[in-house]
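See structure below.
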Amino acid sequence: MGRVRNWARFTIRWIPWMASGAAVAFRRLPESSQADIKEVAKEPGKWGQAIEKAWDSSKIGSEHFKETSGTLARILIGRKVSKREKVDARKDLAALSVIVPPLRVFMIPGSQVLLGIMARVTPWRLIPDDWIPIGALKTTRDSPDHSLDQESHLVRRLIKK
C-alpha cells in the first residue's frame, strides 16, 4: 500500500512539472546550470547551511522578501501556490543572491522546482514573524527535518539524477 501511495503522490506532483514545461526547460539548460540544480538536489542540507551562514553574516532585511517568505511558508505546510507566485519567488531569490551567494541557483530559468527544498532549508528563526502567514507560523518553525530528504529525493527523481 505504501508503494502505491508513494507512486501516486510522485505522479501527482510530477504531472504539473511536465505540463508547465519545466522538464523540457531543464533538459535544454547548459550542463553547468543542470549541474548546479543537481548539486542542490543531492546535498540540500549542505546548501541550507551555506544559506544560513551567508544569511547570518548579511543581516538581511529586504522588504521584497516578505512575499517570498510567505510563499515559501505556504509551500512548506503544503498549501497550493500558483505558478505566478512561484516564478515571483524565484525572481526575488535570484535578486537576493547578490547578498546571499548560495541563492545564485535561482538565476537559472526553471529553478522554481527547487522552491520546496528552499522552503525546508530557510532559516525561519531569522525571518520576522510578521512576514510569515499567521496560520503557518507555528507549523513552519516546528517542521520536521525528514521532509527535506523527501523533497530532495523527489527533485532528484524529477531530473532523473
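Sequential numbering from 286 applies to the sequence shown in this note's numbering. Idealized CB from N, CA, C, for every residue including glycine.
Legend entry - DSSP-derived helix/strand/coil call for S367: coil
Inset, instruction - Could you tell me which of K331, L381 and K338 sits nearest to E352, measuring between CA atoms? - result: Per the Cα distances, L381.
Legend entry - For F391, the nearest candidate out of D321, P408, P315 and R312 (CA to CA): D321
Inset, instruction - Between the Cα of A326 and those of E370, T407 and M403, spot the shortest distance and give me the residue it belongs to. - result: Checking every option, the nearest Cα to that of A326 belongs to M403.
Inset, instruction - Could you tell me which of L388, Q397, S318 and S396 sits nearest to A339, measuring between CA atoms? - result: L388
Legend entry - G395 versus G287 - alpha carbon distance: 31 Å
Inset, instruction - Assign A293 to buried or exposed, taking buried as 16 or more other Cβ atoms, counted over all protein chains shown, within 10 Å of its Cβ. - result: exposed
Legend entry - Buried or exposed by the 16-neighbour rule on C-beta atoms within 10 Å, applied to V383: V383 is exposed by the Cβ-count criterion.
Legend entry - Cutoff 8 Å; reference L357; Cβ partners in own chain excluding five residues on either side: A374, L400, M403, A404 and T407
Legend entry - For M403, the first and last residue of its enclosing alpha helix (DSSP H): L400 to V406
Legend entry - Contact check, V385 vs I336, beta carbons under 9 Å: Against a cut-off of 9 Å, the Cβ pair of I336 and V385 comes out as a contact.
Legend entry - For P386, the three-state DSSP class (helix, strand or coil): helix
Inset, instruction - Return the first residue and the last residue of the alpha helix (DSSP H) that S318 is part of. - result: Start and end: E316 to K327.
Legend entry - Nearest candidate by alpha-carbon position, reference P315, set Q397, V398 and I393: Its Cα nearest to that of P315, the residue I393 stands out among Q397, V398 and I393.
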